[in-house]
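Structure, as C-alpha cells:
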Amino acid sequence: MKRKLLITGGAGFIGSHVVRLFVNKYPDYQIVNLDALTYAGNLENLTDVKDQPNYIFEKGDITDESFIDDLFEKYQFDGVIHLAAESHVDRSIMDPLAFIKTNVLGTAVLLNNARKHWKDKMDGKLFYHVSTDEVYGSLGEEGFFLETTPYDPRSPYSASKASSDHFVMAYYHTYHLPAVISNCSNNYGSHHFPEKLIPLAIHNIKNNKPVPVYGKGENIRDWLFVNDHARAIDTIFHHGKIGETYNVGGFNEWKNIDLIHLLCKIMDQKLGRPEGTSAQLITYVKDRAGHDLRYAIDATKLNKELGWEPSLQFEEGLEKTVDWYLENETWLNHVTSGDYQNYYNEQYQKR
Ligand code: NAD
Ligand code: DAU
Numbered sequence: 001m002k003r004k005l006l007i008t009g010g011a012g013f014i015g016s017h018v019v020r021l022f023v024n025k026y027p028d029y030q031i032v033n034l035d036a037l038t039y040a041g042n043l044e045n046l047t048d049v050k051d052q053p054n055y056i057f058e059k060g061d062i063t064d065e066s067f068i069d070d071l072f073e074k075y076q077f078d079g080v081i082h083l084a085a086e087s088h089v090d091r092s093i094m095d096p097l098a099f100i101k102t103n104v105l106g107t108a109v110l111l112n113n114a115r116k117h118w119k120d121k122m123d124g125k126l127f128y129h130v131s132t133d134e135v136y137g138s139l140g141e142e143g144f145f146l147e148t149t150p151y152d153p154r155s156p157y158s159a160s161k162a163s164s165d166h167f168v169m170a171y172y173h174t175y176h177l178p179a180v181i182s183n184c185s186n187n188y189g190s191h192h193f194p195e196k197l198i199p200l201a202i203h204n205i206k207n208n209k210p211v212p213v214y215g216k217g218e219n220i221r222d223w224l225f226v227n228d229h230a231r232a233i234d235t236i237f238h239h240g241k242i243g244e245t246y247n248v249g250g251f252n253e254w255k256n257i258d259l260i261h262l263l264c265k266i267m268d269q270k271l272g273r274p275e276g277t278s279a280q281l282i283t284y285v286k287d288r289a290g291h292d293l294r295y296a297i298d299a300t301k302l303n304k305e306l307g308w309e310p311s312l313q314f315e316e317g318l319e320k321t322v323d324w325y326l327e328n329e330t331w332l333n334h335v336t337s338g339d340y341q342n343y344y345n346e347q348y349q350k351r
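Each residue of the sequence shown is one higher than the one before, counting from 1 in full-length UniProt numbering.
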C-alpha cells in the first residue's frame with residue numbers, strides 16, 4: 001500500500017463522504033476508519049464501500065489513549081485525517097463537557113500519538129485537522145472570515161473546536177509535527193443527521209410536522225455541498241502547505257428563513273403537494289442561546305493556491321439532497337428511532 005491513512009469519525013456525515021472518496025479514488029491507500037459509533041455515527045453510511053479490500057473499520061474512542069497508541073502501532077499510519085467530534089451546537093449548550101472531552105482531549109490524544117509514533121521520521125507524514133468556520137465567531141452584515149481572522153468562538157462547540165485547532169498549531173510549532181487545518185462553513189447533502197437544520201426540516205416536512213425556525217430566522221449561514229467539502233479535503237491533504245490553514249466555503253450565503261422557504265418549495269414539488277403547503281409548517285420558536293448572526297467564508301486562498309472551487313449551485317445541491325432523503329426512507333427511519341425522540345423532545349418541547 002502506497003499510504004496508510006487513519007480517518008477518524010468516518011461513520012459520521014462528512015467523514016463517510018471523505019472515506020468513500022478516498023477508498024474509491026485511491027485503491028492503493030489503506031484506509032482505516034476509526035469511529036466510536038456515537039448517536040451520530042452510522043455504518044449504514046458506508047454500506048457501498050465496506051467490502052473494498054483497501055478499507056478497514058475500527059470501533060474505538062479517540063479519547064482512549066492506550067487504544068489509540070495500539071492503533072498507531074498496529075497500522076503504522078503515515079497520515080491522519082481527523083474528523084471525529086461532537087458536532088451539534090444545540091447539544092453543546094445542553095452538555096458542554098462532552099464536547100471538551102471529545103473535541104479537545106480526543107484531538108490532543110491523537111496529536112500526542114502522532115508525535116510519539118512519528119518522532120524518528122516526520123518526513124512524509126501529515127496530521128490533517130478538519131475544523132469549522134465557527135471558531136471565528138459571528139459576523140455583522142458585512143465582511144468575511146479570512147484565515148487571518150482572530151478566533152472568537154461563542155458556543156461550547158466552537159470553543160472546543162477552537163481549542164483543538166490551537167493544540168494542532170501548538171504541536172506544529174513546538175514539536176514540528178507536520179499538520180494542516182481547514183475551517184469549513186455549513187455542509188449539507190446526503191447522510192446528514194436530522195438534528196441539523198436542513199435534514200431536520202426535510203424530515204419534518206415529509207411527516208407534516210412543524211418546522212422549527214429559531215428566533216426570526218434572520219441568521220445567515222454559508223452552505224457547501226458535502227461532496228465539495230470532501231473534494232477540498234482531498235486537495236488540501238495532497239497539496240496543502242504544512243503549517244497552514246485553509247478556509248473552505250460555498251460563496252453561498254442564505255438567511256435561514258429564505259433557505260427554509262426554498263426547501264418547502266422543493267418539497268411541495270417532490271411530494272406533489274400544492275405550492276405553499278409545506279411553508280404552512282414553518283413555526284418560529286425560541287432562539288438558540290448565543291446564536292451567531294452570520295458566518296461567511298472567504299475561500300479565495302484555497303481557490304488561488306490549490307485550484308479548488310465548489311462544483312454545484314445551491315438549488316441543484318438542495319434538490320439532490322431532498323431526492324436522497326426521499327429515496328432513503330429506511331436510513332431516515334433507522335436514525336430517527338430510539339434516542340432521537342428523547343433528544344427531539346428535550347430540545348423542542350419547551351421552545
Ligand atoms: P457528525 O456528528 O456527523 O459525525 C461525527 C462522527 O464522529 C460520528 O461518526 C461519531 O460517531 C464520531 N465520534 C464522535 N465522538 C467520537 C469519539 N470520541 N471517538 C471516535 N469517534 C467519535 O459530524 P460531521 O458533521 O460529519 O462533522 C465532522 C467534522 O467536521 C467535525 O470535526 C466538525 O467539527 C467538522 N465540521 C462540520 C461541519 C458541518 O457543517 N457539519 C462544517 C465544518 C466542519
Ligand atoms: O459553520 C459550520 C458548522 O455548521 C459546523 O461546524 C457544525 O458542526 C454544524 O452543525 C453547523 O452549525 P450550525 O449551528 O450553523 O448548524 P445547524 O444546522 O444546527 O443550524 C443552522 C442554522 O439554523 C442556525 O442559524 C440555527 C438554525 N436552526 C437550527 C435548527 C437545528 C433553526 O432555526 N432551527 C433548528 O431546528
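Beta carbons are placed, not taken as given, at the ideal position from N, Cα and C, and that holds for glycine.
Please read all numbers here as calculations on a predicted model, not as lab measurements.
Reduced DSSP category for His129 - H, G, I as helix; E, B as strand; rest coil:
strand
Who are the near neighbours of Val168 in its chain, counting only those whose CB is closer than 6 Å to its CB and skipping five residues on each side?
His129, Ala179, Ile181
State yes or no: is the C-beta of Tyr157 nearer than 8 Å to some heavy atom of the ligand DAU?
yes
Rounded straight-line distance, which links the Cα of Ile81 to that of Gly10
9 Å
Compute the distance between the beta-carbons of Ala162 and His88, then report whether it is under 9 Å.
no
Determine the extent of the beta strand (DSSP E) in which Gly295 is found, giving its start and end residues.
A quick correction: the sequence has Tyr, not Gly, at residue 295. Here Tyr295 belongs to no beta strand (DSSP E), and DSSP marks it neither H nor E.
List the residues that DSSP assigns as beta-bridge partners of Gly79.
Leu5, Leu126
For a test of your reading of the model: does the CB of Gly10 fall under 8 Å from any non-hydrogen atom of the ligand NAD? Yes or no.
yes
Could you check if Arg288 belongs to the surroundings of the ligand DAU, using beta carbon to heavy atom distance under 8 Å?
yes
Where does His239 land, buried or exposed, given buried means 16+ other C-beta within 10 angstroms?
exposed
Range covered by the alpha helix (DSSP H) that runs through Thr107:
106-118
Span of the beta strand (DSSP E) around Ile181:
179-184
Here's a check: name, in chain order, each residue in its chain whose Cβ is nearer than 8 Å to the Cβ of Ile257, leaving out the five neighbours to either side.
Val213, Lys216, Gly217, Glu218, Ile282
DSSP-derived helix/strand/coil call for Thr37
The sequence as given places Leu at residue 37; Thr does not occur at that position. In this structure, Leu37 counts as coil in the three-state DSSP scheme.
Can you tell me whether Pro212 sits near the ligand DAU, meaning its C-beta is under 8 Å from at least one heavy atom of the ligand?
yes
Give me whichever residues DSSP pairs with Pro212 in a beta bridge.
Thr283
Within 8 Å: the Cβ of residue 364 and any heavy atom of the ligand NAD?
Within the shown structure, residues of the chain are numbered from 1 to 351, placing residue 364 beyond reach of any answer.
Three Cβ pairs or more, each shorter than 8 Å: is that satisfied between the region 40-53 and the region 12-25?
yes
Should Glu195 and Leu262 be called a contact, given that it needs their Cβ atoms to be closer than 9 Å?
no
Round the Cβ separation of Gly15 and Leu83 to the nearest angstrom and send it over; I've been treating them as touching at under 8 Å.
4 Å
For Tyr136, which residues from the same chain have a beta carbon less than 7 Å from its beta carbon, with the 5 sequence-adjacent residues on both sides left out?
Phe145, Thr149, Tyr151, Asp152
Where do the ends of the alpha helix (DSSP H) carrying Glu253 lie?
Glu253 -> not in any alpha helix (DSSP H); beta strand (DSSP E) instead, spanning 253-255.
Thr235 and Trp308: beta carbons closer than 9 Å?
yes
Per DSSP, cross-strand counterpart(s) of Lys59
Asp35
Comparing alpha-carbon positions, which option in Gly12, Ala114, Cys264 lies nearest Val322?
Cys264
Does the beta-carbon of Ser138, which I'm using as the reference point, lie nearer than 8 Å to any heavy atom of the ligand NAD?
no
Closer than 8 Å: Gly41 CB and nearest the ligand NAD heavy atom
yes
Arg154 - partner residues in DSSP beta bridges:
Paired residue(s): none; Arg154 is not in a bridge.
Which residue wins for smallest C-alpha separation from Phe72, given the options Pro96, Asp28, Leu5?
Leu5
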